[in-house]
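Asker:
Protein chains in written order, with our numbering: chain A, 1 to 323; chain B, 1001 to 1323.
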């Protein structure tokens, strides 16, 4: 991850003219909307001023801060773990969906549906202490590579969103990640990559118990931080209604609607719309991952900021800045 | 609460000589232990140095940051709410434990045990939005008074612990509250009184659901943040093993043991021992509230800091400093 940070800072110094805000964003409505909002709510003389302790900004992760195609990256983690653990589980040779994973038969894996995915998650994400799981995730994020992009997964974060996170924080916002992904899958690396402390990362949760001075991961789902779960996760972890929300799919809609319904303050909503089939992927209304349908209509009607990745972003990934 | 803050700052300026650390603490082993620990782990040249992002300190609330006698203050809140809501619930005139509450028959209320207490909590803490509940708590904390001390409950916080919280933060520690009390009962006032942001307050949880753009409180317990629940709550909300833990009862033991078992860093544990039957209350091994038995033996053996409130603290409450 150090490597990534070096790339980032190198990139920034090449691209940005001194003091330029959001240097990887092309001039246009999206960039203007962001800057106008931040200026309005941080100017003490503005009617829209928000006191610092109420500047709560929530960001989805998959598809908003990093890519999510051709499958959620946590799914690739589970697949890699099944392969790594296969020698200890001879029964997987005949048991689905493990058999399909070991045979690289992704069609059958996907056909196994939610139940199959849950089996993979339970077999690979539980049965060890939290500290053991952290070490496994860190090792994977350092070494595993994306099947088509052939770079480390943590290199597939969005440079413009990293700049946006920094920009919000520089203006007194507290930034939170609110993801459908696993809270314990994100925390070991996301804290460093996004500059968000571990306690500001919220996600889906596996049950844990305290045993022998350790936290032990139990094969049971505790909480799904998706759709209507997102405002619920925000309630438990933050305890305040946000003023700004950033997402990319209908799974983020409830969180964005909840933010918009903040009666006390001017709010801001932004959807990252995946429109770039060359540099990233193009998908929305009919995608099996990151479907953006209802949210696209509602957001357009409500003047939410809809980022057109192809037009609005100079670069997608930090590594493009080296070129 | 503004009044409280003024009292605090007045008090501090009267008591403290310039730059004196922890001015309400008498010189002695407890004060020395705290300062020696903080100096050791914040000195870059020390072998015990802890990087800033790992300086996680967890504090129990009831009995550690404020008083908890003759009953938990949240219990008095529930009692006051039952009385306020009684006219809408004629059935409470004959239904226990409500009948006993309305007749000020605390013996019968207490005899109703956990089940009775749960009934009181569900009837008074649920069935409204989170924002409505916040407003009720704020109104109560501003107006209600303690039955024997005759001051507002938020005036019964421990002045030496407020100084300790400030001292830890001034040295780069992130301070968290990890309480058996209700997370949503604490957040509306504790954030301001203790200087701890809402998202760093952890406690027991009622189920909530997202409905009609609001968080609605459902009459069901979701999580009890006590005993072995405290390390579990720390895992979900913080995601890091703390280095310093502060408590006052066996209910805090698991959290302190979990902290002590941090293999990476030098750790610190402190028990507030209630020894002052004049200024506060004296109780420990046999108390029905805040029992400190196992922890007192273990902590003494393990060189944990055991604060003798009577000897170690110049004042207990901020309002004593006006005298």
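All C-beta atoms in this analysis are idealised placements derived from N, C-alpha and C, irrespective of residue type, glycine included. Only a predicted model underlies this, so the values are computations on that prediction, with no experimental measurement involved.
1) Short of 7 Å in beta carbon distance, which residues of its chain neighbour residue 1239 of chain B, apart from the five on each side in sequence? Order them along the chain.
2) Measure the alpha-carbon distance for residue 252 of chain A versus residue 291 of chain A and round it to whole angstroms.
3) Count the other C-beta atoms from every protein chain shown that fall within 10 angstroms of the C-beta of residue 6 of chain A, then say buried if there are 16 or more, exposed otherwise.
4) Report yes if the C-beta distance between residue 325 of chain A and residue 25 of chain A is below 9 Å; otherwise report no.
5) In chain order, what residues of the same chain have a beta carbon less than 8 Å from the beta carbon of residue 171 of chain A, not counting five sequence neighbours either side?
6) Spatial neighbours of residue 66 of chain A within its chain, please: C-beta separation below 6 Å, excluding the five flanking residues on both sides.
7) From residue 1162 of chain B to residue 1234 of chain B, what does the alpha carbon distance come to, in whole angstroms?
8) List, in order along the chain, the chain A residues whose C-beta lies closer than 7 Å to that of residue 1237 of chain B?
9) Nearest chain B C-beta to residue 258 of chain A closer than 9 Å, yes or no?
10) Where does residue 1010 of chain B fall in DSSP's three states?
11) Is the Cβ of residue 176 of chain A closer than 9 Å to any Cβ of chain B?
12) Who are the near neighbours of residue 215 of chain A in its chain, counting only those whose CB is closer than 7 Å to its CB and skipping five residues on each side?
13) Taking only beta-carbon atoms, is residue 154 of chain A less than 9 Å away from chain B?
14) Show which residues of chain B have a CB atom less than 8 Å away from the CB atom of residue 187 of chain A.
15) Classify residue 1299 of chain B as buried or exposed, calling it buried when 16 or more other Cβ atoms lie within 10 Å of its own Cβ.
16) Looking only at its own chain, which residues have a Cβ that is under 6 Å from the Cβ of residue 10 of chain A, when we skip the five neighbours before and after it?
17) Does the separation of the CB atoms of residue 1255 of chain B and residue 1178 of chain B fall below 9 Å?
18) Could you give the distance in angstroms between the alpha-carbon of residue 1225 of chain B and the alpha-carbon of residue 1115 of chain B?
19) Assess contact between the segment 197-206 of chain A and the segment 181-188 of chain A, defined as three or more Cβ pairs (one per stretch) separated by less than 8 Å. Is contact present?
20) Name the one or two DSSP bridge partners that residue 214 of chain A has.
21) Leaving out five residues before and five after residue 267 of chain A in sequence, what residues of the same chain have Cβ atoms less than 7 Å from its Cβ?
22) What did DSSP end up calling residue 1236 of chain B once you bin it into helix, strand or coil?
23) Residue ranges of each alpha helix (DSSP H) run of no fewer than 4 residues wholly in the segment 8-92 of chain A, ordered along the chain?
24) Give me the Cα-Cα distance between residue 1109 of chain B and residue 1071 of chain B, rounded to the nearest whole angstrom.
25) Would you say residue 1020 of chain B reaches chain A, if we count a Cβ-Cβ gap shorter than 9 Å as a contact?
26) Quick one, which residues of the segment 44-58 of chain A are near chain B if we go by CB-CB under 9 Å, in chain order?
27) Assuming contact is defined by CB atoms lying nearer than 9 Å, are residue 1274 of chain B and residue 1296 of chain B in contact in what I supplied?
28) Determine whether the Cβ of residue 1002 of chain B lies closer than 9 Å to any Cβ atom of chain A.
29) Could you name the residues of chain B that residue 216 of chain A contacts, counting a contact when the two beta carbons are closer than 9 Å?
30) Give the DSSP-derived three-state secondary structure of residue 308 of chain A in the structure shown.
31) Could one say the Cβ of residue 1210 of chain B lies closer than 9 Å to chain A's Cβ atoms, at least one of them?
32) Would you tell me roughly how many angstroms separate the C-alpha atoms of residue 202 of chain A and residue 1277 of chain B, rounded to the nearest one?
33) At a Cβ cut of 7 Å, what residues of the segment 220-254 of chain A count as close to chain B, listed as they run along the chain?
34) Listing by chain order, which chain B residues have their CB less than 9 Å from the CB of residue 205 of chain A?
35) Spell out the partners DSSP gives residue 1269 of chain B in its beta bridges.
36) If distances are taken between C-alpha atoms only, which option among B/1044, B/1141 and B/1050 comes closest to residue 1262 of chain B?
Answerer: Checking against the coordinates, here is how it stands:
1) As a first step, residue 1239 of chain B is located in the second chain; it is residue number 239 there, counting from the start. Nothing listed; no residue qualifies.
2) As a working mapping, residue 252 of chain A is identified with position 252 in the first chain. As a working mapping, residue 291 of chain A is identified with position 291 in the first chain. Rounded to whole angstroms, residue 252 of chain A to residue 291 of chain A spans 10 Å at the Cα level.
3) Locating residue 6 of chain A in the first chain gives position 6, where the first residue counts as 1. With a pLDDT of only 45 at residue 6 of chain A, under 50, the local geometry of the prediction cannot be trusted, and no value is derived from it.
4) Here chain A comprises residues numbered 1 to 323, so residue 325 of chain A is not present and cannot be evaluated.
5) Sequence index remark: in the first chain, residue 171 of chain A carries index 171 (1-based). Counting only Cβ-Cβ distances below 8 Å, and skipping sequence neighbours, we find 38, 42 and 55.
6) Translated into positions along the first chain, residue 66 of chain A becomes position 66. For residue 66 of chain A, where only same-chain residues beyond five positions count, the Cβ hits under 6 Å are 156 and 157.
7) Reading the second chain from its first residue, position 162 is the one you call residue 1162 of chain B. Reading the second chain from its first residue, position 234 is the one you call residue 1234 of chain B. Roughly 21 Å between the two C-alpha positions.
8) Here residue 1237 of chain B is taken as the residue at index 237 of the second chain, counted from 1. Ordered by position in chain A, the residues that pass the 7 Å Cβ test against residue 1237 of chain B are 199 and 237.
9) Taking the first chain and counting its residues from 1, one reaches residue 258 of chain A at position 258. At least one chain B Cβ lies under 9 Å of residue 258 of chain A.
10) Taking the first residue of the second chain as 1, we reach residue 1010 of chain B at position 10. The predicted position of residue 1010 of chain B is uncertain, since its pLDDT is 44 and thus under 50; no value can be drawn from it.
11) Looking up residue 176 of chain A in the first chain gives position 176. Output row for residue 176 of chain A: interface = yes.
12) Here residue 215 of chain A refers to the residue found at position 215 when the first chain is read from its first residue. The answer, listed in chain order, is 129, 130 and 208.
13) For the purposes of this step, residue 154 of chain A is identified with residue 154 of the first chain, where counting begins at 1. Residue 154 of chain A does not count as touching chain B.
14) Numbered from its first residue, the first chain carries residue 187 of chain A at position 187. By Cβ distance, chain B contributes 1239.
15) Taking the second chain and counting its residues from 1, one reaches residue 1299 of chain B at position 299. Its Cβ being crowded by 16 or more others within 10 Å, residue 1299 of chain B is buried.
16) Indexing the first chain from 1 puts residue 10 of chain A at position 10. For residue 10 of chain A, the predicted model reports a pLDDT of 44, less than 50, meaning its position is unreliable; a value from the coordinates is still stated below. Taken in chain order, the list of residues that qualify is empty.
17) As a first step, residue 1255 of chain B is located in the second chain; it is residue number 255 there, counting from the start. As a first step, residue 1178 of chain B is located in the second chain; it is residue number 178 there, counting from the start. Yes; because the gap between Cβ atoms is below 9 Å, this pair is in contact.
18) Residue numbering aside, residue 1225 of chain B sits at position 225 when the second chain is read from its first letter. Residue numbering aside, residue 1115 of chain B sits at position 115 when the second chain is read from its first letter. Computed Cα separation, rounded: 17 Å.
19) yes
20) The residue given as residue 214 of chain A occupies position 214 in the first chain. In the DSSP output, where bridge partners are listed per residue, residue 214 of chain A has A/211.
21) Mapped onto the first chain, residue 267 of chain A falls at position 267. So the qualifying residues of the chain are 243, 244, 259 and 260.
22) In the second chain, counting from the first residue as 1, residue 1236 of chain B sits at position 236. In this structure, residue 1236 of chain B counts as helix in the three-state DSSP scheme.
23) 29-42 and 73-85
24) In the second chain, residue 1109 of chain B corresponds to position 109, counting from 1. In the second chain, residue 1071 of chain B corresponds to position 71, counting from 1. Looking at the two C-alpha atoms, the distance is approximately 12 Å.
25) Translated into the one-based positions of the second chain, residue 1020 of chain B becomes position 20. No, residue 1020 of chain B does not count as interfacial toward chain A.
26) 53 and 56
27) Position 274 of the second chain, counting from 1, holds the residue named residue 1274 of chain B. Position 296 of the second chain, counting from 1, holds the residue named residue 1296 of chain B. For residue 1274 of chain B and residue 1296 of chain B, no; Cβs fall outside 9 Å.
28) The residue labelled residue 1002 of chain B in the question sits at position 2 within the second chain. The predicted model places residue 1002 of chain B with a pLDDT of 46, which falls under 50 and marks its position as unreliable; any figure quoted below should be read in that light. Answer no: the Cβ-Cβ gap between residue 1002 of chain B and chain A never drops below 9 Å.
29) Translated into positions along the first chain, residue 216 of chain A becomes position 216. Correct list: empty, because the minimum Cβ distance to chain B is about 10 Å.
30) On the first chain, residue 308 of chain A is found 308 positions in, with the first residue counted as 1. Here residue 308 of chain A sits in strand by DSSP.
31) In the second chain, the residue the question calls residue 1210 of chain B occupies position 210. Chain A contact via Cβ: present.
32) Along the first chain, one-based indexing puts residue 202 of chain A at 202. Along the second chain, one-based indexing puts residue 1277 of chain B at 277. Computed Cα separation, rounded: 44 Å.
33) 228, 231, 232, 235, 236, 237, 238, 239, 240 and 254
34) Against the first chain, residue 205 of chain A aligns to sequence position 205. Chain B residues near residue 205 of chain A: 1236.
35) If you number the second chain from 1, residue 1269 of chain B lands on position 269. Bridge partners of residue 1269 of chain B: B/1245.
36) If you number the second chain from 1, residue 1262 of chain B lands on position 262. Closest option to residue 1262 of chain B, Cα to Cα, is B/1050.
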